[in-house]
Amino acid sequence: MDSPQGYYPLCGVARLRGNDNGNMLTQDDVMVKIKPILDPELGISIVDLGLIYGVEIGKDNVVTVHMTLTTIGCPLFSLIAEPIKGNVKELEGVKDVVVELSFEPAWTPERMSEEAKIQLGFV
358 MDSPQGYYPL CGVARLRGND NGNMLTQDDV MVKIKPILDP ELGISIVDLG LIYGVEIGKD
418 NVVTVHMTLT TIGCPLFSLI AEPIKGNVKE LEGVKDVVVE LSFEPAWTPE RMSEEAKIQL
478 GFV
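Residue numbering for the sequence shown follows the working numbering, starting at 358 and increasing by one per position.
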């Protein structure tokens, strides 16, 4: 897919022109707002790290962001979730933002973008 903002295959979120709820708000709009948020320890985009598992936009324009952390014991969830909520709430029409944490499937370095792998010296 050709997209000025990008395609996020590792997190399972593709650029969409619309959604099945008839809203003008798209998953791509949400991902563009999330991408600048950095992991507090690594200083790399949480999108590039593959921490975002998906985005749902409800009929009521409540956005749910499904994410993970690099380790189950990571204490930084609130330091990541609060900026996600703040950034996504800036989008026109968003009523609320819910950030759900999941460890299924478990995060692995394979979820990272090439850019993140280069920044961390994996490539």
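Heads up, the beta-carbon is just placed ideally off N, CA and C, and yes, glycines get one too.
If I follow the unbroken beta strand (DSSP E) through Val-454, where does it start and stop?
By one-based count along the sequence shown, residue 454 stands at place 97. For Val-454, the uninterrupted beta strand (DSSP E) run begins and ends at 453 to 458, by DSSP.
Leu-448 to Met-381, Cα distance in whole Å?
By one-based count along the sequence shown, residue 448 stands at place 91. By one-based count along the sequence shown, residue 381 stands at place 24. Using only the alpha carbons, I get a separation of about 11 angstroms.
Expressed to the nearest angstrom, what Euclidean distance is found between the alpha-carbon atoms of Phe-460 and Gly-430?
Here residue 460 refers to the residue found at position 103 when the sequence shown is read from its first residue. Here residue 430 refers to the residue found at position 73 when the sequence shown is read from its first residue. Straight-line Cα distance between these residues: approximately 11 angstroms.
Less than 8 angstroms between the beta carbons of Ile-394 and Asn-444, yes or no?
Translated into the one-based positions of the sequence shown, residue 394 becomes position 37. Translated into the one-based positions of the sequence shown, residue 444 becomes position 87. A contact, by the Cβ cut-off of 8 angstroms.
Taking all protein chains shown into account, do 16 or more other C-beta atoms lie within 10 angstroms of the C-beta of Ser-435, making it buried, or fewer, making it exposed?
Within the sequence shown, residue 435 is the residue found at index 78, counting from 1. Looking at its Cβ environment, which holds fewer than 16 other Cβ atoms inside 10 Å, Ser-435 is exposed.
Using the Cα positions of Leu-458 and Ile-401, report the straight-line distance between them to the nearest angstrom.
Counted from its first residue, the sequence shown places residue 458 at position 101. Counted from its first residue, the sequence shown places residue 401 at position 44. Straight-line Cα distance between these residues: approximately 19 angstroms.
Consult DSSP for Ser-360 and reduce its assignment to one of helix, strand or coil.
Here residue 360 is taken as the residue at index 3 of the sequence shown, counted from 1. With a pLDDT of 34 at Ser-360, under the threshold of 50, the modelled position of that residue is not reliable, and the figure given next carries that caveat. Residue state, collapsed to three classes: coil.
Alpha carbon to alpha carbon, how far is Ser-470 from Leu-406?
Within the sequence shown, numbered from 1, the residue matching residue 470 stands at position 113. Within the sequence shown, numbered from 1, the residue matching residue 406 stands at position 49. Distance from the CA atom of Ser-470 to the CA atom of Leu-406, rounded to whole angstroms, is 6 angstroms.
Among the residues of its own chain, which have a CB less than 6 angstroms from the CB of Ala-473, if the five just before and after it don't count?
The residue you call residue 473 lines up with position 116 of the sequence shown. Within the same chain, Ile-401, Asp-405 and Leu-406 come within 6 angstroms of Ala-473 by CB-CB distance, once the 5 residues on both sides are set aside.
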